[in-house]
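Below is one structure, written out as structure tokens; comments come after it.
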Ligand code: SF4
Ligand code: SF4
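Protein chains in written order, with my numbering: chain A, 19 to 308; chain B, 546 to 824; chain C, 611 to 731.
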């Protein structure tokens with residue numbers, strides 16, 4: 019079984035559109051949406067939820083009435099999460115990292131680390147394949163952990179049903195969630211745009227795939243908005259042994275199709291759609307080696 | 546006033562809006578809180594005058610003193626310490642620097658040292674923008690720590706524009722927490738609407754007033770606009786989809802470079818916002 | 611001697627799981643008594659350092675040999691420090707793996723199979 023993660027560094031480069039179309043073209047596979055912060059894969063795949071599970075995330079400290087206001091915890095908390103201004107110990111859940119130092123030092127045991135529900139994860143059926151996806155509660159922490167959870171579920175299903183491939187819509191950025199969406203996959207495909215920030219983020223996210231030793235493909239979306247920058251991306255790929263797997267032209271039809279909840283590959287007149295099909299043919303060789 | 550610019554996902558034009566707003570106003574403090582991918586500098590081109598390290602504490606373990614009791618490993622909630630055979634093994638990339646291992650070690654075998662996790666860069670951009678950015682060191686997942694270091698530079702009695710990280714998880718919440726108003730930038734597509742709804746939920750929860758800017762207006766459909774109208778959400782501005790704007794952007798140039806009439810439009814947004822700011 | 615095997619399920623007919631840190635179960639097999647037990651892998655739920663936590667658990671269970679698919683460098687280091695033998699890259703059922711181990715058909719793995727997982731995710 020092979021796994022590919024489609025990532026972008028910067029968001030909005032067309033990653034999810036490409037992932038959705040790949041998922042429609044593939045066979046014998048499972049789809050994963052690891053952008054748990056702002057999941058979008060379900061919009062085109064339109065799956066029916068079969069199973070919902072609670073996501074209990076990392077712990078946050080909570081104070082009880084037993085607190086005598088001694089201030090020990092405030093002194094030792096390294097994250098400025100505890101304030102004692104109003105003669106009452108308060109814990110700021112945004113700053114709390116759940117390290118447990120306050121719980122340990124509290125002389126009257128008034129502080130406990132509590133794990134709360136921080137979201138849900140789902141196993142769903144679409145007309146193309148099983149989709150594993152999730153929803154993190156707004157503002158919740160630990161999206162990386164939720165990504166791991168979602169991928170565990172997908173890998174378990176793939177193992178049990180002898181699926182050939184897992185296609186993962188990756189998380190944006192270079193932080194925790196991206197790392198979790200790349201950990202242990204066979205291939206990564208970076209979708210980028212020929213803009214300065216696109217190039218900057220491309221290089222950063224490539225650092226991550228390189229670190230993991232993952233065979234990396236690059237795909238330049240809207241390549242024709244700046245041919246100079248596209249050229250720069252090509253050079254970078256050549257120097258760094260990244261396989262340039264395709265370039266997609268700017269095409270108004272992409273958003274029109276999306277708005278009608280249609281797949282761009284089904285739009286015969288779309289240049290972008292044709293290119294995505296071509297790219298898939300190449301990716302397929304890797305995902306289904308025999 | 547602290548004004549943050551956010552979006553449910555990246556690539557919607559959040560940085561474009563933040564930067565052009567700053568350039569239109571002319572005098573303000575600009576803070577790039579997107580420390581994992583700080584991009585505003587491409588457009589504001591500040592001359593960076595000061596660079597300051599952001600550090601955290603990491604433990605180290607004195608082999609001669611440690612008796613491998615395992616208390617530190619048991620305490621660490623992040624699996625950053627393991628005790629195997631007769632030695633302590635430390636995994637710096639997992640450590641949050643809480644100091645717990647030092648606290649619990651009965652032998653006094655734990656010491657601490659400072660390590661760099663990122664940088665704060667300060668500079669000046671024309672016409673009168675005090676520019677600050679946080680830059681997280683790749684491999685150190687201490688996004689919030691770098692943002693917390695930026696917090697310390699927020700001044701009073703001046704317009705602060707914060708370019709937030711994308712998404713709605715912890716780093717975004719941390720960036721908007723002190724805002725008087727938040728601008729949500731989105732695109733008129735089903736993805737854009739989906740992401741907008743999640744962002745709105747976060748801001749409502751936090752009690753922060755907000756308005757919407759629709760970028761690349763003309764692509765997609767009018768789901769976003771209809772939603773805003775129905776729910777009485779202020780649409781501050783619509784930026785039309787324009788290949789030319791995209792080309793300017795790709796070269797690191799601003800919308801004002803392309804068409805100076807945008808200056809007035811962004812100034813107007815600010816007037817609109819001032820009516821609604823958090824008291 | 612006790613053997614720890616990363617497993618997809620709770621029985622000897624289950625397959626050896628590819629993932630050391632994030633497998634659903636470990637089978638702990640005693641080659642002297644031929645008894646075995648299964649443990650649910652708690653570290654699967656870890657915020658980060660799943661491999662490290664799993665390795666610590668294996669050490670605490672006084673296991674001498676680990677059989678698995680892939681071991682990352684962190685877990686490898688921890689297991690190595692405790693002088694636990696690692697056989698990785700193993701596929702097939704848990705039962706077959708134990709038979710092969712008894713017949714001495716495995717080669718010990720010198721280094722980690724997958725690059726380090728940095729980050730807390
Ligand atoms: S400082 Fe805290 S996070 Fe770091 S190793 Fe010690 S206990 Fe773990
Ligand atoms: S708590 Fe102290 S003595 Fe015990 S293993 Fe850790 S460092 Fe060594």
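We put the beta carbon where it would ideally sit given N, CA and C, even for glycine.
Problem set entry | Close beta carbons around residue 780(B), own chain, < 6 Å, minus the five adjacent residues each side | So the qualifying residues of the chain are 757, 773.
For this session: May I ask you to list, following chain order, the residues of the segment 625–643 of chain B that have a beta carbon less than 7 Å from some beta carbon of chain C?
Result: Residues 625, 627, 629, 630, 632, 634, 636, 638, 639.
For this session: State yes or no: is the C-beta of residue 695(B) within less than 8 Å of the C-beta of residue 793(B)?
Result: Pairing residue 695(B) with residue 793(B) gives a Cβ-Cβ distance that is not under 8 Å.
Exercise. Curious, which full-length beta strand (DSSP E) runs of at least 3 residues does the segment 662–710 of chain C contain?
Worked result: With a minimum length of 3 residues, the continuous beta strand (DSSP E) runs that stay inside the segment 662–710 of chain C are 675–677, 695–697.
For this session: Give the DSSP-derived three-state secondary structure of residue 255(A) in the structure shown.
Result: In the three-state reduction of the DSSP assignment, residue 255(A) falls in the helix class.
Exercise. What residues are listed by DSSP as bridge partners for residue 796(B)?
Worked result: Per DSSP, none; premise fails for residue 796(B).
Problem set entry | Reduced DSSP secondary structure (H/G/I, E/B, other) of residue 607(B) | Residue state, collapsed to three classes: coil.
Problem set entry | Proximity winner among 601(B), 714(B), 559(B), relative to residue 588(B) (alpha-carbon distances) | When only C-alpha atoms are compared, the closest one is 559(B).
Exercise. Cα separation between residue 698(B) and residue 728(B)?
Worked result: Their Cα atoms are separated by approximately 21 Å.
Exercise. Buried or exposed: which applies to residue 732(C), given that a residue is buried once 16 or more other Cβ atoms fall within 10 Å of its Cβ?
Worked result: Residue 732(C) lies beyond the stretch modelled for chain C, which goes from 611 to 731, so this question has no answer here.
Exercise. Helix or strand or just coil, what does DSSP make of residue 629(C)?
Worked result: DSSP places residue 629(C) in strand when its eight states are reduced to three.
Exercise. Is it right to say residue 730(C) is buried, meaning 16 or more other beta carbons lie within 10 angstroms of its own, or is it exposed?
Worked result: Because the pLDDT at residue 730(C) is just 36, under 50, the model does not fix this residue reliably, and the value given afterwards should be weighed accordingly. With a 10 Å radius around the Cβ and a threshold of 16 neighbouring Cβ atoms, residue 730(C) comes out buried.
Problem set entry | Simplified DSSP assignment, three categories, for residue 275(A) | The three-state reading of DSSP puts residue 275(A) in helix, counting H, G and I together.
Exercise. Quick one, what's near ligand 1 if you take every residue whose CB is closer than 6 Å to any heavy atom, in chain order?
Worked result: Cβ atoms closer than 6 Å to ligand 1 belong to 117(A), 604(B), 620(B), 621(B), 623(B), 625(B), 626(B), 640(B), 641(B), 642(B), 643(B), 644(B), 645(B), 646(B).
Exercise. Does any heavy atom of ligand 2 sit closer than 7 Å to the C-beta of residue 654(B)?
Worked result: It does: the Cβ of residue 654(B) is within 7 Å (strictly closer) of some heavy atom of ligand 2.
Exercise. What's the call for residue 320(A), buried or exposed, on a 16-neighbour Cβ count within 10 Å?
Worked result: There is no way to answer for residue 320(A), as the model of chain A reaches only from 19 to 308.
Exercise. Which parts of the segment 653–705 of chain B are runs of the beta strand (DSSP E), unbroken and 3 residues or longer, counting only runs that do not cross its ends?
Worked result: Complete beta strand (DSSP E) runs here, min 3: 655–670, 673–681.
Exercise. When we look at the beta-carbon of residue 715(C) and count the other beta-carbons within 10 Å, is it buried (16 or more) or exposed?
Worked result: By the beta-carbon neighbour count (other beta carbons within 10 angstroms, threshold 16), residue 715(C) is exposed.
For this session: Look up residue 60(A) in the DSSP assignment and say whether it is helix, strand or coil.
Result: Per DSSP, reduced to three states, the secondary structure at residue 60(A) is helical.
Exercise. Is there at least one Cβ from chain C nearer than 8 Å to residue 623(B)'s Cβ?
Worked result: Taking Cβ atoms only, chain C reaches closer than 8 Å to residue 623(B), which makes this a yes.
Problem set entry | Cutoff 8 Å; reference residue 662(B); Cβ partners in own chain excluding five residues on either side | Short of 8 Å from the beta carbon of residue 662(B), and not among the five residues preceding or following it, lie these beta carbons of its own chain, in chain order: 599, 600, 601, 681, 682, 685, 687, 690, 691.
Problem set entry | Proximal chain A residues relative to residue 719(B), where beta-carbon distance stays under 7 Å | Within 7 Å Cβ-Cβ: 112.
For this session: Measure from the alpha carbon of residue 747(B) to the alpha carbon of each residue in 296(A), 290(A), 284(A), 157(A), then state which is nearest.
Result: Of the candidates 296(A), 290(A), 284(A), 157(A), the one whose C-alpha sits nearest the C-alpha of residue 747(B) is 157(A).
Exercise. Whose C-alpha, out of 803(B), 735(B), 805(B), is nearest the C-alpha of residue 768(B)?
Worked result: Closest by alpha carbon: 735(B).
Exercise. In terms of alpha-carbon separation, which member of 245(A), 61(A), 160(A), 268(A) lies closest to residue 115(A)?
Worked result: With distances taken between Cα atoms, residue 115(A) lies closest to 160(A).
Exercise. Do residue 649(B) and ligand 2 come close, with the Cβ less than 7 Å from some heavy atom?
Worked result: Yes; taking the cut-off as 7 Å, the Cβ of residue 649(B) has a heavy atom of ligand 2 nearer than that.
Exercise. Under a three-way DSSP split, which group does residue 729(C) fall into?
Worked result: Caution is warranted here: a pLDDT of 38 is assigned to residue 729(C), below 50, making its placement in the model unreliable, and the coordinate value is therefore given only provisionally. Residue 729(C) sits in coil when the DSSP states are folded into three classes, being neither helix nor strand.
Exercise. List, in order along the chain, the chain B residues whose C-beta lies closer than 7 Å to that of residue 658(C)?
Worked result: Ordered by position in chain B, the residues that pass the 7 Å Cβ test against residue 658(C) are 623, 624, 639.
For this session: Would you list the residues sitting across from residue 727(B) in a DSSP beta bridge?
Result: 549(B), 755(B).
Exercise. At least one CB of chain A closer than 8 Å to the CB of residue 796(B): is that the case?
Worked result: So, interface residue.
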